[in-house]
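Okay, structure first, notes after.
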Amino acid sequence: MTQATQPALGRRLLLQASAGLLALPASRAAWAKDATLRIGMAAAPSAMDPHYHVLATNQSVLSHIFETLVRQDAAQKLIPGLAASWRLVGDTTWEFQLREGVAFHDGSPFTAADVVFSLGRVPKVPNSPSSFAIFLKQIATTEVVTPHVIRFHTHAPYPDLPIDLSQIAILSETAAAGPVPEGKTTQQLNAGDGTIGTGPYRFVSFTPNDRVVLAPNPSYWGDRQPWSAVTIMAISSSASRVAALLAGDVDLIEKVPGEDALKLRGNPALRVMVTPSNSVFYLCFDQARDDSPGVTDANGRNPLRDPRVRKALSIAIDRERLTERILSGLGQPAAELAAPGMFGATPDAQVDKFDPEAARKLLSEAGYPNGFGLTLATTNGFYVQDAQLAQSIAAFWTRVGVRTKVEALPSTVFYTRRNARGFSAYFTSMSIITGQASDTLKLLAATQDPKRGLGQTNFGGYSNPRVDALIDEAARTMDPRLREQALQQASRIVTVDDHGILAIAIEKIGYACRNAIEYSPRVDKWVTAMQTRPAAAG
C-alpha cells in the first residue's frame, strides 16, 4: 500500500478483512447519489504519458483519457476505435478511415495530423522503461490522404499492423506539441499539461504512487458514461484492498487472492468474479554462458544449456498441485507461452506430466547423477503468490537432486538484475498484450536483435534458428491460417523440443465489487470504469 492510503485503512480494517466477514455499512450500501466510482488497484501508473511505459497498469488507467485507432475488446479481439475501419490496399499498404466528428477534451477536432504527431512522438520519449516504439518498427512511411484517411506503408507485407496500432494512444497535436523532440514532456503530462485525449473521461489530477482522479467527457463520441467522477487508488496489499472494499472505501478491487475470493463469495453485499487472464507464469534459464552465476556443484559447467536438464526440471514440477494449493484455484497448468484460445495457441498442447523419477534419470543421462546447486530468482509480491510459487518449484527440484534456493526480490531490484543477465534461473510472469502467441515468441523466444525489436525480454539467451525463421514467416504471411500454423510450430519447438522456456501456469484473476455495481472483467486484466455500470434496481 502507498503511504498516502495506508493510514486511512488502519490495523482494524486489516483484521476485519482477514476474517472476510464484515458486511458493508448501511450508510454505504445504497448507491451513492453522485455516482462516484472508486477503484482499488494493486499498483499506481508510473506516468500519465501514454507513450512512456508499456505496462498494463498504465495502459488500463490511461485508456480512460486516450484512445487508439484500433481497440481490443474484453477477449482481445480487434474492434474499431478512433479508426472506423481499415483495409489492405496493396501488399505493403494499410489504409485507415478515421472517425469524423470526434473532438479532443479541449474541443479541438481529431484528424490524421494528430495520428502523425502521436506516432512520431513515440520513439522520442526519453528514459522509457519499455518503449512503445517496438509497435512501429514495421512502418516505413505514413501518408495523409485526407484529414480522415491515412495510409501506412510497411517495409514488407505485415498482417499485424492493426494489432500493433491497438497499443498506440493518440494525443492532440495542438495540446501536446512543445519545444523538445517529444513535445510535452512526461513530467508535463503528469501535471496535466497536455494530458488531452478523446476518451470517455478527462484528466483531473494525478498523485504519484497514490491515485488518479477523472471526470466524464460530456462530448464523448461513444457510449455515455454513468459516473460523475472516477477515482483510481493504488492499494498494493491484497489484504488492504479487501479491507477497503469491505469498509466501503472503494467500490471495486482487482487481484483478490484465491482464499479471500472464497470468503467474499459468502458476503451478500458483494459480487466476486474469477476469470482467466492473458498472463503466463514461466521459468527462464541461462543458456548462453558456460559459467553461470547461480549454478554450483556442476564442475564448472552450466547444466542449463542441456535440453535434457531443462526437460528434467520441467517434469519435476507438479503444475496441478501448484495451481490448486498455492494459487487456490486462481490458475491453470500451462503447456505453452500462450493462453488457450489465443491466436497461435495450440489447441491440443499437452502440459508436461509430473514424473520425478524420469527427471532423475534425465539428470543422470546428462551427467549430473548427484544433481547440482541452483539459485532461482523471483519477484516478491509483484505477481499473485510469486514468491510462494517459486518456493514450491524449488522444493520440487530439490527432491530430484537440484538443490535450489530462492532469491525473492523487490520488483525493481529483480528486473534491474534480470536485464543485466544477473540470474541463472528466474521465475516471473508475462501478459500477452496483443492477444496473440506472436507476442511472447517475439519477446521471449526470438534471438535478440535490437534493431528489429526481437528478443527484448530473452534474457536467458535461448536461440534456435528454426524458431526465428518461423517467427519471421508468421510476421509476413497474410493468410491467417498459415500464420497461425507457423506460430504453433514455433511454440512446439520452444516448449516441447527444446524446453527452452518453461510455461508453468495461466493466471486467473479475482475481482470483487459492491452489489450496486455490475462489472465485466477483461482477459488482459485492465480494470476500467468503462467495464462497469450501476446495477439494475431490484
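Residue numbering for the sequence shown is -32 to -1, 1 to 506, as defined by mature numbering (1 follows the signal peptide of the UniProt record, and there is no 0). Beta carbons are placed, not taken as given, at the ideal position from N, Cα and C, and that holds for glycine.
Residues in the same chain with beta-carbon distance under 7 Å from T154, minus the five sequence neighbours each way, listed in chain order, please. Closer than 7 Å at Cβ, skipping near neighbours: A15, D17, Y20, V93.
Suppose only complete runs of 3+ residues qualify. What are the beta strand (DSSP E) ranges in the segment 20 to 78, listed by chain order? The segment 20 to 78 contains these whole beta strand (DSSP E) runs: 38 to 40, 46 to 48, 51 to 58, 61 to 66.
Using CA atoms only, rank isn't needed, just tell me which of V90, F103, T402, Q40 is closest to R420. Ranking V90, F103, T402, Q40 by Cα distance to R420 puts F103 first.
Residue interval of the alpha helix (DSSP H) (run including S397): In the DSSP assignment, S397 falls outside any alpha helix (DSSP H) and within the unbroken beta strand (DSSP E) covering 393 to 399.
Compare the beta carbon distance of I294 and L230 with 8 Å and say whether it is the shorter of the two. Here I294 is not near L230, since their CB atoms are 8 Å or more apart.
Is D354 helix, strand or coil by DSSP? Three-state result, D354: helix.
Distance, Cα to Cα, A307 vs P147? Spanning the two alpha carbons is a distance of roughly 44 Å.
Candidates C252, S245, A215, S247: which alpha carbon is nearest A237's? Selected option, being the one with the closest Cα: A215.
If you compare alpha carbons, which of R269, V248, I285 is closest to G254? Residue 254 is actually Asp in this sequence, not Gly. Comparing alpha-carbon positions, the option among R269, V248, I285 lying closest to D254 turns out to be R269.
Taking just the CA atoms, how far does S296 sit from V113? Approximately 54 Å, taken between the alpha carbons.
With C-beta atoms as the reference, is S204 less than 8 Å away from T496? Going by C-beta atoms, S204 is not nearer than 8 Å to T496.
How would you label P(-8), buried or exposed, when you count the other beta carbons within 10 angstroms and need 16 or more for buried? Only weak support exists for where P(-8) lies, its pLDDT of 37 falling under 50; the value from the coordinates is given anyway. Flag for P(-8) reads exposed.
Opening and closing residue of the alpha helix (DSSP H) in which S282 lies: Annotation: the continuous alpha helix (DSSP H) that includes S282 extends over 275 to 283.
Would DSSP call D265 helix, strand or coil? Shown here, D265 sits in coil according to DSSP, grouped into three states, outside any helix or strand.
Would you call the segment 112 to 131 and the segment 439 to 448 touching, i.e. three or more CB-CB distances under 8 Å? Under the three-pair Cβ rule at 8 Å, the segment 112 to 131 counts as touching the segment 439 to 448.
Around the Cβ of R367, are there at least 16 other Cβ atoms within 10 angstroms (buried) or fewer (exposed)? Flag for R367 reads exposed.
Measure from the alpha carbon of A159 to the alpha carbon of each residue in G151, S173, A24, then state which is nearest. Among G151, S173, A24, the Cα nearest to that of A159 is on S173.
Identify whether residue 507 lies in helix, strand or coil by the three-state DSSP scheme. The first residue shown for the chain is -32 and the last is 506, placing residue 507 beyond what the model contains.
For T36, which residues of its own chain have a beta-carbon under 8 Å away from its beta-carbon, when the five flanking residues on both sides are left out? Hits under 8 Å: G49, L50, L133, S134, Q135, I136, A137, I138.
In chain order, what residues of the same chain lie with their CB nearer than 6 Å to the CB of F427, ignoring the 5 residues before and after it? Exclusion of the five residues before and after F427 leaves R386, R389 as the residues of its chain whose Cβ lies within less than 6 Å of its Cβ.
With burial defined as no fewer than 16 other Cβ atoms inside 10 Å of the residue's Cβ, what is the status of I474: buried or exposed? Buried, since its Cβ has 16 or more Cβ neighbours within 10 Å.
Leaving out five residues before and five after D259 in sequence, what residues of the same chain have Cβ atoms less than 8 Å from its Cβ? Excluding sequence neighbours, D259 sits near G268, N270.
Does the distance from the C-beta atom of F64 to that of S140 stay below 8 Å? Contact flag unset, no.
Between the beta-carbon of S345 and the beta-carbon of E375, is there less than 8 Å? The identity of residue 345 in the sequence shown is Ala, whereas the question assumes Ser. A contact, by the Cβ cut-off of 8 Å.
Starting from the Cα of S379, find the closest Cα among F350, T166, P186 and give me that residue. Measuring from the Cα of S379, the nearest candidate turns out to be F350.
8 Å Cβ cutoff met for A12 and V491: The answer is no: Cβ separation not under 8 Å.
Exposed unless 16 or more other CB atoms sit within 10 angstroms - verdict on I472: Buried: at least 16 other Cβ atoms inside 10 Å.
Compute the distance between the beta-carbons of L305 and V242, then report whether it is under 8 Å. Note that the C-beta distance between L305 and V242 is not below 8 Å.
Based on the DSSP secondary-structure assignment, which residues constitute the bridge partners of M310? DSSP lists no beta-bridge partner residue for M310.
Checking the sheet assignment: what are the DSSP bridge partners for T347? Answer is L377, bridged to T347.
Specify the secondary structure class of N387 as computed by DSSP and reduced to three states. The three-state reading of DSSP puts N387 in helix, counting H, G and I together.
Residues bridged to R170 (per DSSP): Note: R170 sits in a beta bridge opposite A183.
Out of L220, V462, P97, which has the shortest C-alpha to C-alpha gap to Q499? If we check each option's Cα against that of Q499, L220 comes out closest.
Using the C-alpha atoms, what's the distance from Q359 back to L87? If you take the alpha carbons of L87 and Q359, they lie about 43 Å apart.
Taking the C-alpha atoms as reference points, what is the distance between A303 and L56? A303 and L56 have their C-alpha atoms roughly 35 Å apart.
Going along the chain, which residues of its own chain have a beta-carbon closer than 6 Å to the beta-carbon of V181, five neighbours each way excluded? The answer, listed in chain order, is V172, S173, T199.
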